[in-house]
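Numbering (the working numbering), first residue to last: 57 to 386.
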């Protein structure tokens, strides 16, 4: 539940119990409506899913079981996030920030008009923080319409927040929200969801395995190059990558046909790539990633593998570099 409430708001302090590690599939088993986006900002993956249970208040005598709440968080692994929270009762105004450099606006959403507060001011650029006020689902509206003394059982309020993204990205993500049980597009992690380019048949699968670059390298490139407002890194020291067994652990790397795949066990997602074209030390690869939900993002990256002489502590050193020459988001 949201931890920030305003003075004067009705607040119920109810005991809650946190469930064990959960996935989006676990949300489908709940009797309440849980919302997830079908669109995410580029590079975002599922980071965390939580289910908590609260005991019903004394006024809800007809309910004799703990009632579930859910929260979901997506992120790009850096400073950008999109999170979802839920509440049953005791909500306050979420559109409050202590900082002075804030501005408010209204957007359309699947729930109707949604009111936002964000900082810093201005419609353009990435925002340090965006908060939407609580919105109620159809079940909540039906249950509270029964009378002023009614208490929701299956209805929920839903709150959406973000950091490090633009208002346009937040709006597009919010407008793609849908109940997780209605998500017909969820595919097994190993199932391709994009059509391979026609040139793929001319590329032997062995070329991918021969490349032996960890898929995380292309995840880093995908995040940096696609983000027009962050510093762009276009050269990566492959020798350093191979020596960093903690960051680039190969335990989860496996060949999947013509793809080299890195599995994300915590979310069921993956990062993977395959060689589309190669000529000498120049490569063109198709990169895909999935954070564990229904969304798979894809890009085409071209790069050269080159040797460069540098001096370290006054001594000559020859390093192997990956130098990006082209990037296209699919």
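Even for Gly, the Cβ is constructed at its ideal location relative to N, Cα and C.
C-alpha gap between residue i and residue j, whole angstroms
i, j, result
"residue 336", "residue 360", "9 Å"
"residue 370", "residue 299", "22 Å"
"residue 386", "residue 278", "11 Å"
"residue 168", "residue 79", "28 Å"
"residue 128", "residue 214", "11 Å"
"residue 148", "residue 309", "46 Å"
"residue 96", "residue 203", "38 Å"
"residue 322", "residue 101", "11 Å"
"residue 362", "residue 356", "20 Å"
"residue 265", "residue 133", "Unreliable placement is indicated for residue 265, whose pLDDT of 46 sits below 50; no coordinate value is reported for it."
"residue 175", "residue 82", "34 Å"
"residue 108", "residue 210", "14 Å"
Delimiting residues of the beta strand (DSSP E) encompassing residue i
i, result
"residue 352", "352–368"
"residue 340", "338–346"
"residue 374", "371–385"
"residue 89", "Where residue 89 is concerned, there is no enclosing beta strand (DSSP E), given that its DSSP letter is neither H nor E."
"residue 320", "315–320"
"residue 309", "309–312"
"residue 215", "213–219"
Per-residue DSSP class, three states only, for residue i
i, result
"residue 153", "coil"
"residue 259", "Bear in mind that a pLDDT of 42 at residue 259, under 50, signals an unreliable position, so the number given afterwards is only what the model happens to contain. The answer is coil: DSSP assigns residue 259 none of H, G, I, E or B."
"residue 124", "strand"
"residue 268", "coil"
"residue 12", "The structure shown does not extend to residue 12, since the chain is modelled only from 57 through 386, so no value can be given for it."
"residue 205", "coil"
"residue 332", "strand"
"residue 277", "helix"
"residue 237", "helix"
"residue 102", "strand"
Endpoints, the alpha helix (DSSP H) within which residue i is located
i, result
"residue 111", "Element bounds for residue 111: n/a, residue is neither H nor E."
"residue 198", "194–200"
"residue 136", "Note, residue 136: premise wrong, no alpha helix (DSSP H); not H, not E."
"residue 229", "223–231"
Test: residue i CB closer than 7 Å to a CB of chain D
i, result
"residue 222", "This model lacks chain D altogether; it includes just one protein chain."
Other residues of its chain near residue i: CB distance less than 6 Å, five sequence neighbours each side excluded
i, result
"residue 166", "233"
"residue 160", "173"
"residue 294", "376, 378"
"residue 237", "84"
"residue 342", "330, 332, 356"
Contacts around residue i, its chain only, beta-carbon distance under 7 Å, and the 5 residues preceding and following it disregarded
i, result
"residue 226", "186, 218"
Distance cut-off 6 Å: residue i Cβ against heavy atoms of the ligand ZN
i, result
"residue 295", "The ligand ZN is absent from the structure shown, which contains no ligand whatsoever."
Cβ shell of residue i (< 8 Å), same chain only, five flanking positions each side left out
i, result
"residue 153", "173, 175, 185, 187"
Taking the runs of the alpha helix (DSSP H) that are 4 residues or longer, which of them lie wholly in the stretch 159–183? none
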